[in-house]
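Protein chains in written order, with this note's numbering: chain S, 7 to 197; chain P, -17 to 185. Right, one structure below, let's go through it.
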Amino acid sequence: MGDLIVLAISCILVNNILLAQYLGNCPFLGTSKKMETAVGMAMAVVFVLVLAGAITWVTQTYFLNPLKLGYLQTIAFIVVIASLVQFVEMFLKKSIPALYRGLGIFLPLITTNCAVLGVCLINIKEEYTFLETIVTSFAYAVGFGLALILFAGVRERILLARVPKPLQDTSIGLVTAGMLSLAFFAFKGMV
Amino acid sequence: MPRSLTQEFTKGLWDEIPPFRLVLGLCPVLAVTKTLENGIGMGVATTFVLVFSNILVSSLRKVIPSKVRIACFILVIATFVIVVELLSQAFTYELYLKLGIFIPLIVVNCIVLGRSEAFAYKFGVFRSLLDGLGIGIGFTLALAALGTLREVIGSGNLTIWGALKFTDLFGPAFQPFQFMIEAPGAFVCLGLMLCGMNLLGKK
């Protein structure tokens, strides 16, 4: 149990998926202009990442490994993730319309969010057990949400500041992300 | 107005150079540019996927139904990514180890999917080839520029494909600027380069 907690903390803070592993940067910059969209995206990622982590682990362990199809990993995972996202979208639309309206447009975007595929690949590479896979997927997703929401807060403030013209928008966004990443960098060596 | 074939190629080098003009596919840009070599390796791998997926998508554009086109694009791209993965494993194993999961992640690089959707699905095979090649080379240039900057400032050395090595560019007393090699440096460096691009080409 203690090991799992350490693993979770290291995934949320030390190896933060956005700021230390450089994954999922497109939605990080794309959906962080407003707090509302940031929260929506963060929730959608938590939801999908845990499911995707579990399903790709099963795919790898029970299909690709016994059949020696390891080289098809990339194509198998992306197909699994894409259909999972589609399925989740249809399921939510039918059964939990309120949640669907909240996550709505963010769900399809997740298929091409490299954080999702990236975490699934990391889980396989590190040879985690099923339980560890669930924990790391959840922790990485929480780390993603944490960084995204923090960053959205900072960006809303930047809107009020006077920024030199060539630095505006994405450029200042990236520099700010660098500063945020520096803050997370301080967690290195903690676990 | 349709562009000439030359323009189709050269637009990727400046006008629409990713990741500056089209802010897409940032993850590999930030992650693999610790050194110039890695940057170029990633750029070449992405260019390969871009060119071949563009060719295949554009030759199949009459067959692929528009409703399921994105899924078809992803399958085509994933196939070529596996080709690149196996090739790099066989011929450039060291680079393969360094790039790690970022090779399979070319599948979800928005630049590649973006070109299939915005270009290859609408235009002919040769035109799409040029477009893929142009955007790919532009992407490689951007990665190389960022890689050079980070490697030179971050370590004081520069290695160009193992053959050319410059060590201690700033003299032996230089303290490597560790910040540039790590994640924060990547973000700040890219942000400042984007600012430089905005200053140079007003658009």
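The beta-carbon is built from N, C-alpha and C at its ideal position, and this holds for glycine as well. Just so you know, these numbers come straight off a predicted model, no measurement behind them.
Query raised in the report: According to DSSP, which residues form a beta bridge with L146 (chain P)?
Result: Against the second sequence, residue 146 (chain P) aligns to sequence position 164. The partner list for L146 (chain P) (beta bridge, DSSP) reads P:I142.
Report task. Measure from the alpha carbon of N21 (chain S) to the alpha carbon of each residue in S:S177, S:T142 and S:A167, then state which is nearest. Result -> Mapped onto the first sequence, residue 21 (chain S) falls at position 15. Out of S:S177, S:T142 and S:A167, S:T142 has the C-alpha closest to the C-alpha of N21 (chain S).
Query raised in the report: For I11 (chain S), does the count of other Cβ atoms within 10 angstroms reach 16, so buried, or fall short, so exposed?
Result: Stepping through the first sequence from its first residue, residue 11 (chain S) is reached at position 5. By the neighbour-count rule (16 or more Cβ atoms within 10 Å), I11 (chain S) is not buried but exposed.
Query raised in the report: From which residue to which residue does the alpha helix (DSSP H) around W63 (chain S) run?
Result: As a position in the first sequence, residue 63 (chain S) is number 57, starting the count at 1. M41 to T65 is the span of the alpha helix (DSSP H), which, as asked, contains W63 (chain S).
Query raised in the report: Hey, is L152 (chain S) close to the ligand ZN, as in C-beta under 7 Å from one of its heavy atoms?
Result: Questions concerning the ligand ZN fall outside what the structure shown contains, since it holds no ligand whatsoever.
Report task. Could you pull the start and end residues of the alpha helix (DSSP H) that Q92 (chain S) belongs to? Result -> Numbered from its first residue, the first sequence carries residue 92 (chain S) at position 86. That run of the alpha helix (DSSP H) goes Q79 to S101.
Query raised in the report: Is there at least one Cβ from chain S nearer than 8 Å to I83 (chain P)'s Cβ?
Result: Here the question's residue 83 (chain P) lines up with position 101 in the second sequence. Yes, I83 (chain P) counts as interfacial toward chain S.
**Report entry** Under the three-state DSSP convention, the category D175 (chain S) falls into
**Finding:** Numbered from 1 along the first sequence, position 169 holds the residue referred to as residue 175 (chain S). Three-state DSSP puts D175 (chain S) in coil, outside helix and strand.
Requested in this report: With K80 (chain P) as the anchor, note down where its alpha helix (DSSP H) starts and where it stops.
Outcome: Stepping through the second sequence from its first residue, residue 80 (chain P) is reached at position 98. Taken as a continuous stretch (DSSP letters only), the alpha helix (DSSP H) holding K80 (chain P) covers Y75 to L81.
Query raised in the report: Along chain S, in chain order, which residues have C-beta atoms closer than 9 Å to that of I64 (chain P)?
Result: Position 82 of the second sequence holds residue 64 (chain P). Going along chain S in sequence order, the residues near I64 (chain P) (Cβ under 9 Å) are Y77, L78, Q79, T80 and I81.
Requested in this report: Please report how far the alpha carbon of G76 (chain S) lies from the alpha carbon of G178 (chain P), in whole angstroms.
Outcome: Here the question's residue 76 (chain S) lines up with position 70 in the first sequence. Here the question's residue 178 (chain P) lines up with position 196 in the second sequence. The alpha-carbon atoms of G76 (chain S) and G178 (chain P) are separated by roughly 43 Å.
Query - Inter-residue Cα distance where the pair is V85 (chain S) and P170 (chain S) - result: Start at 1 with the first residue of the first sequence, and residue 85 (chain S) comes out as number 79. Start at 1 with the first residue of the first sequence, and residue 170 (chain S) comes out as number 164. Roughly 44 Å between the two C-alpha positions.
**Report entry** Proximal residues to G159 (chain S) (C-beta, below 8 Å), its chain only, five neighbours per side dropped
**Finding:** By 1-based counting over the first sequence, the position of residue 159 (chain S) is 153. Cβ within range, chain order: M41.
**Report entry** Buried versus exposed call for I178 (chain S) [16 or more other C-beta atoms within 10 Å across all chains shown]
**Finding:** Taking the first residue of the first sequence as 1, we reach residue 178 (chain S) at position 172. If you draw a 10 Å sphere on the C-beta of I178 (chain S), you find 16 or more other C-beta atoms in it, and that means buried.
Query - D(-3) (chain P) to T65 (chain S) span [Cα, whole Å] - result: One-based indexing of the second sequence puts residue -3 (chain P) at position 15. One-based indexing of the first sequence puts residue 65 (chain S) at position 59. Approximately 42 Å between the Cα atoms of the pair.
Query raised in the report: So which of P:F108, P:T61, P:L182 and P:A53 has the shortest CA-CA distance to I87 (chain S)?
Result: Mapped onto the first sequence, residue 87 (chain S) falls at position 81. Cα-wise, what sits closest to I87 (chain S) is P:A53.
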